[in-house]
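Okay, so here's the structure we're looking at.
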Amino acid sequence: MAGFTKVELVKTMYTLEDFPEDLPHIAFLGRSNVGKSSLLNALFNRRLAHTSSKPGKTRSVNFYRVEGFAYFVDLPGYGYTRVSKQERRAWAKLVEGYLNSSRALEHIFILIDARHPSQTMDILLMEWLSGFTMAKSIVLTKVDKVKRSQRTRLLNEHKNVLSRFGEFLYFPVSAVTREGLHDLEEFIRFLVRSRGER
Ligand SMILES: Nc1nc2c(ncn2[C@@H]2O[C@H](COP(=O)(O)OP(=O)(O)O)[C@@H](O)[C@H]2O)c(=O)[nH]1
Ligand SMILES: [Mg+2]
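For the sequence shown, this note's numbering begins at 623 and goes up steadily by one.
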């Protein structure tokens, strides 16, 4: 089966501290409930990342060492409507601290629900991230929930909305049917390989 083998959670960080940088970082970020943990588990073929239908439980940065070639960095979700300002600040401080200090960060995948283009939380995140210059791609999650006949229309809508933040590759995926996972995996392997060649 496709996917990454030999994956190990090597560090969980609740506040900014030293983290491993001996391998390139591939980061994943999106609002809570977007399907980040499910995607990571599907890529790993294992239930390593904690999934939940109740958002708001994970507020840590998790580093997974993947096949000895990269760290996948699971950045905490954001966009909890019911959290305090203080909690939101703590989130921003942690994620911003990581983005500002990581020298190994190669690429960031921004996860967006394939069904809902231009959600306020996603737009706010894109705006905020445009202040960071690392390479980014968009992963459209839960694409199994989109009727085939609607997929092109929705993809184009996402592209229209996000074009003002830059040019991105789009990866429509489903953790349930596993569609799109192979392309995403190949792209990640390509990113890490080409970093080695630079
Ligand atoms: N149909 C479908 N549901 C999904 C998919 N990925 C995640 N979910 C569901 O969406 C909810 C949130 O998923 P989770 O991975 O915990 O999201 P996270 O908060 O971003 O880590 C859970 O109920 C998942 O079962 C997907 O690809 N297809
Ligand atoms: Mg999660």
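Backbone N, C-alpha and C define an ideal beta-carbon position, used for all residues, glycine too.
Counterpart residues of R687 in DSSP-defined beta bridges: DSSP, once it has assigned bridges, lists E630, Y693 as partnering R687.
Whole-Å CB distance - R669 paired with V629, under 8 Å assumed: Wrong, their Cβ atoms sit about 11 Å apart, outside the cutoff.
Any idea what DSSP makes of V814, helix, strand or coil? In the structure shown, V814 sits in a helix (DSSP, three-state: H, G or I).
Near G788, what residues of its chain come up, given a Cβ to Cβ distance below 8 Å and the 5 sequence neighbours on each side ignored? Only residues of its own chain outside the window of five on either side were considered, and among them S752, K758 have a CB closer than 8 Å to the CB of G788, listed in chain order.
Residue from G625, E709, V656, R687 with nearest C-alpha to I636: First, the amino acid is wrong: residue 636 is Tyr here, not Ile. Taking each of G625, E709, V656, R687 in turn and checking the Cα distance to Y636, the smallest one comes out for E709.
Taking 8 Å as the line, does the beta carbon of A664 fall inside it for any heavy atom of ligand 2? For ligand 2, not one heavy atom lies less than 8 Å from the Cβ of A664.
How would you call F694, buried or exposed, if buried means at least 16 neighbouring beta carbons within 10 angstroms? Per the 10 Å Cβ criterion, buried.
Just checking, does the stretch 762 to 773 make contact with the stretch 727 to 735 on the three C-beta pairs under 8 Å criterion? Using a C-beta cut-off of 8 Å, the stretch 762 to 773 makes contact with the stretch 727 to 735, since at least three inter-stretch Cβ pairs fall below that distance.
State yes or no: is the C-beta of G625 nearer than 8 Å to some heavy atom of ligand 1? In this structure, G625 has its beta carbon at no less than 8 Å from each heavy atom of ligand 1.
Can you look up F754 in the DSSP assignment and give me helix, strand or coil? Here F754 carries a coil assignment [DSSP, helix/strand/coil].
Below 8 Å, is the gap between the Cβ of T673 and the nearest heavy atom of ligand 2? Checking the Cβ of T673 against ligand 2 gives yes.
heavy atom of ligand 2 below 8 Å from K658 C-beta: Taking 8 Å as the cut-off, one finds at least one heavy atom of ligand 2 near enough to the beta carbon of K658.
Looking only at C-alpha atoms, which of S723, G690, L747, L697 sits nearest to D621? The question about residue 621 has no answer, for the chain in this structure spans 623 to 820.
Please classify A624 as buried or exposed, where buried requires at least 16 neighbouring CB atoms within 10 angstroms. With fewer than 16 Cβ atoms within 10 Å of its Cβ, A624 is classed as exposed.
Strand pairing of V761, partner residues [DSSP]: Looking at the DSSP assignment, V761 forms a beta bridge with L733, F793.
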